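Please read the structure below before turning to the comments.
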Amino acid sequence: MGQQERRGSRTQISLALAVVFVGLASWPDRGVEAAEGITPGLKPNIVFILADDYGIPGVSCYGGEFKTPNLDALAAGGIRFERCFSAPLCGPSRALGMFGRYAFRTGVLTNESGPAAKPDKEISIAKVLKQAGYATGLSGKWNQLEYLSTPAEAQAWGFDEFLRWERPWGERYWGPALNKNGQRVPVTEKSYGPDLLHEFAVDFIRRHRHEPFFLYYPMTLIHGPILPTPDSREAQPTKTKDKAPQFYADNVAYLDKLVGKLVAEIDALGLRERTLIVFTGDNGSVGRHKVHGRLVDGGKGSLLEGGSRVPLIVNWKGVTPAGRVLNDLVDFSDFFATFAEVAGVKPPEGVILDSHSFAPQLRGEKGSPREWVFVQLGAQWYARNDRWKLNQRGELFDMSDAPYTEKLMLPDAETADATVARRQLQAVLDKLHPAGGATEAKPQKADAPKKAAKKKRRQDKAD
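Numbers 15 to 477, taken from the numbering used here, label the letters of the sequence shown in order.
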């Protein structure tokens with residue numbers, strides 16, 4: 015099955031190669047060793063921007079319905095990955111991105127998994143980078159990954175400082191509840207939460223501009239309730255929530271505006287040439303939206319293509335080839351290995367990692383692209399390669415028309431290519447053995463989102 019299935023418990027692997035399955039089932043709390051040939055003073059900054067409920071229909075350079083000039087400019091100056099796959103919900107996606115391990119390993123199977131991931135069991139990429147000399151900051155959402163409300167808890171995850179949007183209190187956008195380094199932030203009903211999070215992110219960058227820094231910026235936009243933004247004609251808070259669809263485009267525009275402002279600040283500080291900027295979304299969009307004029311198949315909460323296929327734009331001025339579009343398969347676990355390689359550090363030994371670095375592609379090299387991705391939600395999952403998808407029920411789908419349709423292949427009508435793909439993808443699932451960690455999870459009606467709409471709306475309010 016290629017490089018990404020080789021294991022090695024304590025094998026010393028050059029970071030020029032992809033990080034693959036290594037080690038044992040536990041992760042000891044130890045320092046991170048600097049990779050050879052890396053000058054500490056030249057470590058690049060890493061800014062990881064994660065939008066909420068934002069699939070490919072939300073970005074115009076992907077053929078989406080909404081105008082996003084700043085994201086388009088970021089893509090024009092860097093790389094746009096066409097096929098990046100998150101989990102279909104934000105909690106599992108955030109765990110994937112932070113830990114580089116699949117849901118059946120961490121226990122973060124759904125948004126309702128509770129505090130399954132704990133800092134004594136999992137280590138985040140922030141901790142790896144902090145141990146390598148990075149200043150680390152979080153500005154935004156840390157939901158479904160509990161134990162980050164005090165400075166001590168933040169340090170346990172590897173963050174020096176944070177401004178966290180708090181779920182249980184206040185409104186999501188206007189007058190939100192925010193926790194800054196363990197203290198509640200006083201806000202008023204006229205305070206716009208995304209602006210406050212942005213200001214903290216900019217302040218963090220300014221204060222740490224003379225040292226390498228890692229900024230994790232999980233934005234609250236554009237998750238519902240969809241309210242007016244400060245730029246909307248009706249700029250005051252409203253309780254109409256999702257009954258104002260005309261404000262959806264305003265929220266997309268404001269997200270794009272904040273990304274543009276952050277990039278401009280990095281540029282003004284003279285940091286663009288040594289700052290890797292990564293933008294993506296945590297799951298597919300909510301509702302029915304189009305790409306290149308065609309409806310995307312599925313959305314948030316669905317194991318259809320639209321539930322997990324998200325934008326991924328990477329920009330590192332002077333390093334990433336400008337305007338490149340790649341069809342390489344990427345899944346959310348891959349950020350861990352990629353950031354570690356970019357920072358020039360070796361991931362700690364003694365752990366099973368599912369992360370596969372795409373850092374060579376950022377330098378314009380071919381690299382070692384993934385042969386498959388794995389997506390899981392609760393007790394349902396699938397493995398997908400370039401054309402085919404095999405789920406936990408043994409159903410094989412032709413994905414040649416994705417993200418618009420997927421065609422179920424009946425066993426009696428399978429072509430020779432389909433039979434080969436079934437055998438290869440089944441070998442992937444057999445090796446991963448996700449059932450070992452998902453047998454107690456409640457099945458998700460992923461391909462029947464309307465039936466679960468009421469439950470999902472209740473969950474979204476707390477998300």
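For each residue, glycine too, the CB sits at the ideal point set by N, CA and C. Values in this document were obtained by computation on a predicted structure and should not be read as measured data.
Classification of R119 by the beta-carbon crowding that lies within 10 angstroms, buried from 16 upward: buried
Stretch pair the region 364-374 + the region 157-177: three plus CB contacts closer than 8 Å: no
Same chain, Cβ closer than 7 Å to V339, neighbours up to 5 away in sequence not counted: R94, E96
Integer-rounded CB distance, given that F173 should sit under 8 Å from T202: The pair is not a contact, with the Cβ atoms about 27 Å apart (cut-off 8 Å).
Inter-stretch contact (C-beta, 8 Å, three-pair minimum) for the region 258-271 and the region 67-83: yes
DSSP bridge partner residues for V328 (one or two, in chain order): I93, V292
Simplified DSSP state of V36, which is helix, strand or coil: In this prediction, V36 scores a pLDDT of 32, lower than 50, which makes its location untrustworthy; the coordinate-derived value is nonetheless stated afterwards. Here V36 sits in coil by DSSP.
Exposed unless 16 or more other CB atoms sit within 10 angstroms - verdict on K445: exposed
Residues bridged to V387 [DSSP beta-bridge criterion]: R398
Span separating the alpha-carbon of A39 from that of A282: With a pLDDT of only 28 at A39, under the threshold of 50, the placement of this residue in the model should not be trusted, and no figure is reported.
Spatial distance of L317 from N297 (CA atoms): 11 Å
DSSP-derived helix/strand/coil call for I219: helix
Start-end ranges of the alpha helix (DSSP H) lying completely within the region 350-386, minimum 4 residues: 373-376
Beta-carbon spacing of G313, G307 below 8 Å: no
Pair within 8 Å by beta-carbon distance, A140 and Y231: no
The region 352-361 / the region 125-133 touching (three or more Cβ pairs under 8 Å): no
Proximity to E409 [Cα-Cα], best of K304, D400, L422: L422
6 Å CB neighbourhood of F293 in its chain, flanking five on each side removed: I63, I327
A432 in three-state terms, based on DSSP: helix
Contacting residues, own chain, Cβ-Cβ under 7 Å from G301 (five flanking each side not counted): G313
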